[in-house]
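Residue numbers (this note's numbering): 87 to 203.
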C-alpha cells in the first residue's frame, strides 16, 4: 500500500471514527440564524477525547432529514486560523444542506490548524 493511500486511510479514520460513535452524546444545540432558514434547523456540538486531546465538531442535521432515510454527510474542514464556528458561519454548505437535505459536519482543528508546521 502506497504512502499516500496509507495517509488517506489514517486521515479518514481520524475524522470519521469519532463522528460515527458520538452522535447524540454531549449535545449543545445552537439555532441557525433566521436569514439562513425559515425552519428551525439546529446545529449540535459534539466532543470526544482522542490521544489526550479534545476533538470537537459542529453538526448540522436539517429538519427535513428523516431519521429512517440515508442522506449524504459532507465534512467541511476550515482553513488555517479559523475554527468550526467561524467557518460554519461563512461557508455556503450550511444553506445548501438546508435546501438540499444533507448533513454537514464542521470539525475543529487543533489550535485552529490541521497539524501545520
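Yeah, the Cβ is synthetic: ideal placement off N, Cα and C, and Gly gets one too. As the structure is a prediction and not an experimental result, all values here were calculated from the model.
Using beta-carbon positions only, say whether residue 146 and residue 129 come within less than 8 Å of one another. The Cβ atoms of residue 146 and residue 129 sit closer than 8 Å to each other.
Inter-residue Cα distance where the pair is residue 158 and residue 138: Distance between the alpha carbons of residue 158 and residue 138: 30 Å.
Identify every residue that forms a DSSP beta bridge with residue 192. Within the DSSP secondary-structure output, residue 192 pairs in a beta bridge with 144.
Counterpart residues of residue 160 in DSSP-defined beta bridges: The secondary-structure analysis by DSSP pairs residue 160 across a beta bridge with 190.
In or out: residue 143 buried (at least 16 other Cβ within 10 Å) or exposed? Under a 10 Å Cβ-count criterion, residue 143 is classified as buried, with 16 or more other Cβ atoms of the shown protein chains found around its own Cβ.
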